[in-house]
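A.B. asks: Could you have a look at this structure, given as structure tokens, before my questions?
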Ligand code: PFF
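Residue numbers (the numbering used here): 2 to 466.
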């Protein structure tokens with residue numbers, strides 16, 4: 002997949018990111034695709050996808066996920082990039098720029114702002130764990146531990162009063178630092194190396210997994226659909242996962258789209274970004290699920306799943322500590338490039354709509370995220386008994402943001418594009434780059450009718466029935 006992207010870019014590497022006025026831009030087509038892949042590929046693929054697949058019964062969920070990508074994810078990705086480029090502003094400003102006078106459509110931009118804030122609060126906790134695993138493996142703590150030993154290690158690290166904060170503060174501080182420097186200078190150079198690096202490491206892990214005793218059973222479970230266990234609630238989880246993993250419904254793709262040049266081919270870019278994102282998720286699933294079976298780990302382990310399964314595979318390899326360090330370092334970087342895009346949504350808003358300086362906006366937003374991430378971290382250990390709607394605080398943030406706010410934000414954004422701004426204008430914007438938009442008709446039927454109806458139906462019935 003990366004080879005495909007590189008080939009494509011080699012022939013088209015013509016500095017296409019020209020920005021209106023003073024806005025920041027990416028240096029090349031490669032820069033944009035990779036930065037957007039960097040936003041999409043992160044903990045959502047490697048940590049969240051295998052966890053929801055495990056919790057939702059395997060193969061049938063995977064199929065449902067693929068269907069939701071085709072039906073909702075890809076058309077929405079095209080729509081959000083187009084809206085971003087046409088509006089050329091932050092998540093609130095885009096709607097101010099493109100809606101009819103005196104209509105208050107910009108209000109729908111406030112929902113993604115809330116969602117980014119909530120997602121970052123628990124995202125930083127998981128990324129903080131990843132940093133703790135880099136440190137523990139450097140200290141030789143993970144090496145040689147059995148699956149039970151690794152379960153105990155995760156429980157004691159994530160349940161401590163102190164360690165999670167160290168990881169989290171470090172992660173938020175680096176994210177803020179990168180956003181202060183600016184998205185382009187901060188990540189463009191890195192993502193080009195990092196994303197292929199992660200992909201190659203996952204491939205190696207996958208091959209190793211295939212040779213584990215009992216892995217085959219897990220592979221079958223991953224691929225064989227058992228439709229009996231599906232419900233609308235599962236569909237809601239699948240939609241939530243698509244939005245989370247594709248960075249949709251939250252302004253990140255709109256904000257990155259606003260940095261995209263006129264002549265870039267939006268549908269083709271969307272296809273590359275979606276394919277890369279899906280590829281990494283499937284690969285992670287193909288590693289984690291067979292490992293569960295091989296080591297007898299429960300699929301209902303929850304957020305700690307990959308922190309137990311992956312070191313367990315590394316411990317079957319020579320130089321296990323080294324593998325573990327490399328893997329969690331790459332995972333932390335993947336999380337960083339996603340967190341940067343999340344924080345950038347808030348920062349672009351504060352700079353453009355509130356006239357705050359960039360450094361002040363990034364530091365202020367980072368500080369608030371840190372405060373909110375404290376209860377999320379503590380809820381995995383010291384205050385696990387604190388419940389909101391039957392969930393601990395961490396899971397509550399994850400569920401509300403991913404399964405309610407993102408699909409709801411996506412629904413409002415798609416209604417705006419389909420019915421207020423209009424697919425005709427969107428189509429003109431897409432083909433203004435020079436390449437005709439060949440899928441215009443199916444895309445506009447999806448955006449105007451299928452996507453809004455599907456999201457509304459799944460959201461309402463998944464939550465209330
Ligand atoms: N897509 C990222 C991931 O899969 O880890 C998470 C994310 C980033 C979600 C940016 C939303 C967003 F706006």
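Note that the Cβ used here is the ideal one computed from N, Cα and C, for glycine as well.
CA-CA distance, residue 382 and residue 162?
C.D. replies: Their Cα atoms are separated by approximately 8 Å.
A.B. asks: Using the Cβ count rule (16 or more neighbours within 10 Å means buried), how would you classify residue 420?
C.D. replies: The residue in question, residue 420, is exposed, as its Cβ has fewer than 16 Cβ neighbours within 10 Å.
A.B. asks: Please indicate yes or no: does the CB of residue 64 lie closer than 6 Å to some heavy atom of ligand 1?
C.D. replies: Incorrect: residue 64 has no Cβ contact closer than 6 Å to ligand 1.
A.B. asks: Is DSSP giving residue 22 helix, strand or coil here?
C.D. replies: Residue confidence is low: residue 22 scores 39 on pLDDT, short of 50, so the model does not pin down where it sits. Its coordinate-derived value is still stated next. Coil.
A.B. asks: Evaluate residue 57 with the Cβ neighbour count: other Cβ atoms within 10 Å of its Cβ, from every protein chain shown; 16 or more gives buried, anything less gives exposed.
C.D. replies: Under this definition residue 57 is a buried residue.
A.B. asks: Report yes if the C-beta of residue 46 is less than 6 Å from at least one heavy atom of ligand 1; otherwise report no.
C.D. replies: Indeed, a heavy atom of ligand 1 lies less than 6 Å from the Cβ.
A.B. asks: So, using beta-carbon positions, are residue 284 and residue 207 closer together than 7 Å?
C.D. replies: Yes.
A.B. asks: Buried or exposed: which applies to residue 157, given that a residue is buried once 16 or more other Cβ atoms fall within 10 Å of its Cβ?
C.D. replies: With fewer than 16 other Cβ atoms within 10 Å, it is exposed.
A.B. asks: Does the Cβ of residue 238 have 16 or more other Cβ atoms within 10 Å, making it buried, or fewer, making it exposed?
C.D. replies: Answer is buried; the Cβ neighbour count reaches 16.
A.B. asks: Could you pull out every residue in the same chain whose Cβ sits closer than 8 Å to the Cβ of residue 204, ignoring the five residues on either side in sequence?
C.D. replies: Closer than 8 Å at Cβ, skipping near neighbours: 284.
A.B. asks: Can residue 40 be considered in contact with ligand 1, in the sense that its beta carbon sits closer than 6 Å to one or more heavy atoms?
C.D. replies: Under cutoff, so the answer is yes.
A.B. asks: Exposed or buried, residue 169, counting other C-beta atoms within 10 Å across all chains shown (16 or more means buried)?
C.D. replies: That one is buried.
A.B. asks: What is the residue span of the alpha helix (DSSP H) that residue 30 lies within?
C.D. replies: First-last of the alpha helix (DSSP H) with residue 30: 30 to 41.
A.B. asks: Alpha carbon to alpha carbon, what distance is there between residue 227 and residue 301?
C.D. replies: Answer to the nearest angstrom: the Cα atoms are 17 Å apart.
A.B. asks: Would you mind giving the Cβ-Cβ distance between residue 95 and residue 196, rounded to the nearest angstrom? I have them listed as a contact below 8 Å.
C.D. replies: Contact doesn't hold; Cβ gap of about 27 Å is too wide.
A.B. asks: Is residue 107 closer than 7 Å to residue 93 when the C-beta atoms are compared?
C.D. replies: Yes, they are a contact pair.
A.B. asks: Okay, do the segment 315 to 326 and the segment 136 to 149 touch, 3+ Cβ pairs below 8 Å being the bar?
C.D. replies: Counting Cβ pairs under 8 Å, three or more are found: they touch.
A.B. asks: In angstroms with no decimal places, state the Cα-to-Cα distance between residue 171 and residue 243.
C.D. replies: Roughly 28 Å separates the two Cα atoms.
A.B. asks: Would the C-beta of residue 282 count as close to ligand 1, meaning under 6 Å from any of its heavy atoms?
C.D. replies: Result no, Cβ not under 6 Å from ligand 1.
A.B. asks: With a threshold of 6 Å, establish whether the CB of residue 43 neighbours any heavy atom of ligand 1.
C.D. replies: Checking the Cβ of residue 43 against ligand 1 gives yes.
A.B. asks: For residue 489, count neighbouring Cβ atoms within 10 angstroms of its own Cβ and tell me buried if that reaches 16, exposed if not.
C.D. replies: There is no way to answer for residue 489, as the model of the chain reaches only from 2 to 466.
A.B. asks: Would you please state the rounded distance, in angstroms, between the beta carbons of residue 248 and residue 40? I believe it to be under 8 Å.
C.D. replies: Indeed they touch by this definition, with Cβ atoms about 5 Å apart.
A.B. asks: Drop a sphere of 10 angstroms on the beta-carbon of residue 387, count the other beta-carbons inside from all chains shown, and report buried for 16 or more, exposed for fewer.
C.D. replies: Residue 387 comes out exposed.
A.B. asks: Quick check: what's the CA-CA separation for residue 409 versus residue 316?
C.D. replies: Their backbone Cα atoms lie some 42 Å apart in a straight line.
A.B. asks: Determine the closest residue to residue 363 out of 128, 462, 176, with distance taken between C-alpha atoms.
C.D. replies: Measuring from the Cα of residue 363, the nearest candidate turns out to be 176.
A.B. asks: I believe residue 293 touches residue 61 by the beta-carbon criterion, under 8 Å. Please report the beta-carbon distance rounded to the nearest angstrom.
C.D. replies: No, residue 293 and residue 61 are not in contact; Cβ-Cβ is about 17 Å, not under 8 Å.
A.B. asks: Is residue 261 helix, strand or coil by DSSP?
C.D. replies: Correct three-state label for residue 261: coil.
A.B. asks: With DSSP collapsed to three states, give me the class of residue 389.
C.D. replies: If DSSP states are grouped into helix, strand and coil, residue 389 belongs with the strands.
A.B. asks: Where do the N-terminal and C-terminal ends of the alpha helix (DSSP H) with residue 130 fall, by residue?
C.D. replies: Looking at the DSSP string, the run of the alpha helix (DSSP H) that includes residue 130 is 111 to 139.
A.B. asks: Find the nearest neighbour of residue 64 within the set 235, 432, 45, judged by alpha-carbon distance.
C.D. replies: The candidate whose alpha carbon is nearest that of residue 64 is 235.
A.B. asks: Please report the straight-line C-alpha distance between residue 1 and residue 179, rounded to a whole angstrom.
C.D. replies: With the chain represented from 2 up to 466, any question about residue 1 goes unanswered, as that position is not in the structure.
A.B. asks: When burial is assigned at 16 or more other CB atoms within 10 Å of the CB, is residue 367 buried or exposed?
C.D. replies: Buried: at least 16 other Cβ atoms inside 10 Å.
A.B. asks: Go ahead and pull the three-state DSSP assignment for residue 227.
C.D. replies: Correct three-state label for residue 227: coil.
A.B. asks: What are the start and end residues of each continuous beta strand (DSSP E) run of 3 or more residues lying completely inside the segment 37 to 115, in chain order?
C.D. replies: Complete beta strand (DSSP E) runs here, min 3: none at all.
A.B. asks: How many whole angstroms separate the CB atoms of residue 192 and residue 165, which I take to be in contact at a CB cut-off of 8 Å?
C.D. replies: Actually they do not touch by this definition, with Cβ atoms about 27 Å apart.
A.B. asks: Is there at least one non-hydrogen atom of ligand 1 closer than 6 Å to the beta-carbon of residue 78?
C.D. replies: For ligand 1, not one heavy atom lies less than 6 Å from the Cβ of residue 78.
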